[in-house]
Ligand SMILES: Cc1ncc(C[n+]2csc(CCOP(=O)(O)OP(=O)(O)O)c2C)c(N)n1
Ligand SMILES: Cc1ncc(C[n+]2csc(CCOP(=O)(O)OP(=O)(O)O)c2C)c(N)n1
Ligand code: SF4
Ligand code: SF4
Ligand code: SF4
Ligand code: SF4
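Structure follows, in structure tokens:
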């Protein structure tokens, strides 16, 4: 049995293994372990790894410290348990052994050998014999040399395995630090941290909120420190475009405008530049900060940096922890400036605080930048219905949630219902909040005489939900709240319970392509056809990512995926075109890697459209078989070869006599085949079945060309059409 | 409580009513009734109407016969029960009373008055007072005159109500005829007929097939005699086009080529003409026959007859029953000729025996002609997955089924799973039968040495499923069967169990628009995208018909429907366009009323395409608020104004360098507004909200125009495109 958390990067897995001469039918976890192996030294600081160890059991630790040095490096709690339970304690520097054997970071064989050598599952000699025999069997085809090398690795493992003398040892170690900082809220300390330590089972039911809500903004207390290298910013080279902030999948790198006054108070190592190109912020400072303890080291930010000489470079993380923590705290406490800037430019929008941060998505994930951007633009008044998929896992799986609030305490309401009914779920949110607003307006009208006319008119007005209008409405709502508080009729209490709905809510329905193209499609189609003001964001990874890459109807022709082992034989479903056929749905295809300004524009337009909107966002993914650091380049290539068209279809344009469709890419400019060859999901097929691969490439080329022509036709002004 | 059958025309409803001073909570049917009212004299011949009557109870009969004549008209069984149970027997000629009171055929008020007068629920005088008071309340706004007229109807009802003297009466009546003819199969007599008589509850479980199959072709034993008038054929005026046969929703009117030899044996009243325009059948006779006992009197056949002077006229049914029955029997027993004629012409195809007949659909239903046509063309090798909806009710609700076999005993396998999963259900049929065929081929190949090479090659060959190829394969299969019978290895038995699958199966997935556009759409889309050879037939009535007309996404802009009381505010979903966006799906929109040849062509092309096909068929319906006799005219108008486009999209054309889309209508030629004004579903809105109606009409016009242009663009040859 395996116990694991839901982090897609830097996660924990505990394997519960039982051995015996006969099959063991014991479908529960081990409570008294005769052997405990810890493969990562750092876990000693976070988890009570020896909790289940039985008296006199064996404890194997992968340790960078030798058998003589290791004792004093152990946390006091670990030392105490070793002594109290009389454990036999072994160490091995598995990483060094693996490195020397040419196996890179893969320490599994090393740890396995060590396990068999000391666990007593089999007599030592017999176990080693079996391991060597199985190596021979597996590698003899590759030649005697390879076998010999692996045998050597086994021997070296045994040689590097040392028992640590514990007789007469004293508890000398440091005490384990609490998992979360002392500044964390009570709930995080009392509940979240316990779950983080994998001890959630110990929590009483009474510790859990009884209404289904769950405190948000808790990933910020994790400080997972999983990156060995993090970006370092060079203020002199930076052009302040904000692209790195935009693409960071984890909300780790952020930019800020800072007054000179505040800047003067910054810690010494806090880097600053003169603000450039922010209208109205001429005499301000600009800073880019990296939360080094939250960075995954994915390098997307470095890759996207368009400065002539990169303003970001990767540097070792460990030495930066202390000062990074201080700088980050100082940075966070500064006021959020620039919210008044035009939201048409990426650099301006990236000054807005994200309300989605430090999620457990894979390092370099292509989905999260879109999610984060939505949170920056509308998070303060958003309601989010999230389909099951990667985004529900990194978005809301316990114990921590990346969704958070801004300084005013405003942030998205978020929930995940099912994989299949997410569109309906979101429609329900829309209808419910509209109903509330309607009721609030009714109550307001009934009490009209008692309310300041300015407040009444302002709150009743139906206006575009621009930041200015929202701010105005909020100020009026505060006035109303004051007034209502003083009134003690039931009507006032009713109004208090619903008046918040007078601030226009932004409903977002978010999910992957498996949801949108397949399993949730029936509902999505129906919801889009209802004409209600909901915004759908499809994070299109072109496979079911969360479950390991099954083909969906979004999977492109020729891609190898689960259930499409010979390459998908049918083209990708044109979900956008289908939605456009209704005429009254805002539809856009976007790709931050190819055109971030267009993506931003589409998201803004979609939200401002008082009707259903559908945004299909290209999301590179580990399932594509690419180097994730190059994710954005792949996005760009997909657009340039015509495989991923960019467009916006805005029904509002019809009233202006303009065609609704605007094509935002230049058509196929590079060979599709080159693009296909650059991603393993396609390239795989060239090995298995080169003819099929060639045929698919040719077909894809033709489809890209044809589609571009069709789009151009639809986008031509009516009089230009035949 | 109500008990009713599932016939949409000429059905039976039994109301079980309890009266008492306090509300009665008895959720079960009445077994001992103190009152039984029979509103239709004919029911005495079919049902044991007095079964639940209690000793000394009251029996009220709506009777065209007077109190003195009626006794001898009663079936002996009814007389016996009246005497045995000492029933108080009353008659009233309700139809005459209603007619005289200017209430047409609506006998409800009359029967209600009679009921209150004699049932003893309330004292007679008090009951009449209450009835009159309620009439006054309801009609006093319309003036004293109307009240007086209704009061008079009450008084007349009382006057026309007579008790029949039963003292000393003898059993003099005829014995009730069995419900089904003596020629019916055992099962029909022993099971179906019992259910038809509403006595299904009495059947033991052992009478029901234990594997879920149900004998087909049983509607033919019902002989419901529900039409007061039926068509009469004039051979001299008939141009033998077959259109009447095609449109008959009930499979009642049929055409035949007959040898002179057979013609000579025809009954005297059997009408004949010289065959005209059937290639190769120059010296043959032609006849059109009407099963008068199965006709619903809908008049669609008369309406569609294109002869200069109509070759069909409606005449009273009753006098024709006897000779009609004889002629029909003679007609059915004749051999089916003309199966070799080209299936591109409606008149030829209409010689093929339907394998769907006498369903319980509404008189004049617009769905059934398509279903019937599919049965004529492919019924002998079809597997049908039917979504829940009208087509599952008239298609397979017990006790009888309209699906039947041809003379060779071949007919469709039919089943209904759920409303929502029908596409998946049909895909399962496809996969299952393909798997069987594959296995059969494998077994055949294993036994290759033992089989005649001609048989082997012929059965292994993958050829287009033309009638000739199918016939050839069937002959070879017979040879194989002979051979296999003689062999006693297990392999032979295995082969026997699957070899039938070597005849290519035609899989049809049938359902309404509620299924295809809404509730089953997610599955339909997924199934179409799988690329498998299934044929989808959407019977598009533009509402959920079976449940009384709820709006679906197929409902057109501005139509009033349930859940769209103010007219549907969004345009019809373009399901065909959506399916075309995949590129590899055969798609057609058809309308038999507008272009039957195109409809036939589309159905043939769809079936012959070795991939998914989708046919969307315009089906007029009682829910449209039209005179059903004009159903086909409405179909035509819908096409001519551009509201219902006709087209075929054939992916095979791409390989020929041709555009796949062929537009089969001439664009909007008449004002959409005129068409809308002709159907009550749209016209209603003109009364409630004329401005909205006008706006919808204008928008519909624009949509029709735009759509036609878009279709033309897509249908233009590639080089013609900009
Ligand atoms: C009805 C249902 N089927 C299957 C699953 C298992 N499941 C959970 S997430 C997931 C994949 C989601 O894929 P996608 O919608 O593409 O989102 P992504 O993970 O790619 O972001 C699946 C199959 C489920 N939760 N519910
Ligand atoms: C899931 C489900 N919802 C509702 C029903 C009830 N129902 C039975 S038939 C029907 C209407 C079918 O309409 P449509 O598909 O348009 O076919 P039509 O009756 O018009 O031929 C409905 C709503 C059902 N059987 N199953
Ligand atoms: S390396 Fe990745 S996680 Fe770290 S700041 Fe850059 S983009 Fe963000
Ligand atoms: S979408 Fe891909 S990269 Fe992102 S979290 Fe899911 S599996 Fe990882
Ligand atoms: S009247 Fe209707 S049911 Fe009768 S034969 Fe004509 S079309 Fe068929
Ligand atoms: S489709 Fe309409 S006309 Fe036909 S059976 Fe159903 S309700 Fe009646």
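Protein chains in written order, with the working numbering: chain A, 1 to 722; chain B, 1001 to 1722. Every residue gets a Cβ at the ideal spot worked out from N, C-alpha and C, and that includes glycine.
Contact annotation: residue 662(A) and residue 560(A) have beta-carbon atoms that are not nearer than 8 angstroms.
332(A) is the residue among 216(A), 332(A), 313(A) and 213(A) whose C-alpha sits nearest the C-alpha of residue 270(A). Closer than 8 angstroms at the C-beta level to chain A, one finds these residues of the stretch 1546-1578 of chain B: 1553, 1569, 1570, 1571, 1573, 1574, 1577 and 1578. Ranked by Cα distance from residue 267(A), the options 323(A), 243(A) and 294(A) are led by 323(A). The residues 357, 358, 359, 400, 401 and 402, in chain order, have a CB closer than 7 angstroms to that of residue 219(A) in the same chain once the five nearest residues on each side in sequence are set aside. DSSP places residue 1035(B) within a strand segment (E or B) once states are collapsed to three. Under the Cβ distance rule, residue 522(A) counts among the residues neighbouring chain B, one pair being separated by less than 8 angstroms.
Per the DSSP secondary-structure output, residue 386(A) pairs in a beta bridge with 510(A). Contacts with chain A (Cβ-Cβ distance below 8 angstroms) from the stretch 1575-1601 of chain B involve 1577, 1578, 1581, 1582, 1583 and 1584, listed in chain order. In this structure residue 228(A) touches residue 297(A) by the C-beta definition: roughly 6 angstroms separates them, less than 8 angstroms.
Residue pairing by DSSP places residue 1346(B) opposite no residue, since no beta bridge is assigned to it.
Residues of the stretch 375-400 of chain A with a Cβ closer than 9 angstroms to any Cβ of chain B: none.
Residues of chain B whose Cβ lies closer than 7 angstroms to the Cβ of residue 529(A) are, in chain order, 1553, 1570 and 1573. Under the DSSP assignment, residue 1617(B) falls in the beta strand (DSSP E) whose first and last residues are 1613-1618.
Secondary structure at residue 425(A): helix, using DSSP grouped into helix, strand and coil. In terms of CA proximity to residue 610(A), 652(A) leads the group 671(A), 142(A) and 652(A).
In this structure, residue 1646(B) sits away from residue 1585(B), with a CB-CB distance that is not shorter than 8 angstroms. Within the same chain, 1386 come within 6 angstroms of residue 1395(B) by CB-CB distance, once the 5 residues on both sides are set aside. Short note on residue 296(A): C-beta closer than 7 angstroms to some heavy atom of ligand 3.
Taking all protein chains shown into account, residue 1209(B) has fewer than 16 neighbouring C-beta atoms within 10 Å of its C-beta and is therefore exposed. Look at residue 253(A) here: in three-state DSSP terms it is strand.
With a cutoff of 8 angstroms on beta-carbon distance, residue 1043(B) and residue 1088(B) are scored as not near each other. Nearest Cα to residue 318(A) within the set 226(A), 282(A) and 407(A): 226(A). Rounded to the nearest angstrom, the gap between the Cα atoms of residue 64(A) and residue 152(A) is 21 angstroms.
Residue 451(A) carries a coil assignment under DSSP once its states are collapsed to helix, strand and coil. Within its own chain, the residues whose Cβ lies closer than 6 angstroms to the Cβ of residue 156(A), once the five positions on either side in sequence are excluded, are 97, listed in chain order. Taking non-hydrogen atoms of ligand 3 into account, the C-beta of residue 253(A) is found less than 7 angstroms away from one of them. A distance of 8 angstroms or more separates the beta carbons of residue 13(A) and residue 1(A). Taking the C-beta atoms as reference points, residue 1477(B) is found nearer than 8 angstroms to residue 1459(B). Around the beta-carbon of residue 1027(B), fewer than 16 other beta-carbon atoms lie within 10 Å, marking it exposed. Taken in chain order, the whole alpha helix (DSSP H) runs of length 4 or more contained in the stretch 1182-1223 of chain B are 1193-1196. Residue side-chain check: residue 1203(B) keeps its Cβ at 7 angstroms or more from all non-hydrogen atoms of ligand 1. The closest CA to that of residue 1512(B), considering only 1380(B), 1544(B) and 1425(B), is found on 1544(B). In terms of beta-carbon proximity, residue 713(A) lines the interface with chain B, with at least one pair separated by less than 8 angstroms. When 290(A), 55(A), 600(A) and 116(A) are compared, the shortest CA-CA separation from residue 348(A) is found for 600(A).
The beta-carbon separation of residue 704(A) and residue 672(A), rounded to 6 angstroms, stays under the 8 angstroms limit for a contact.
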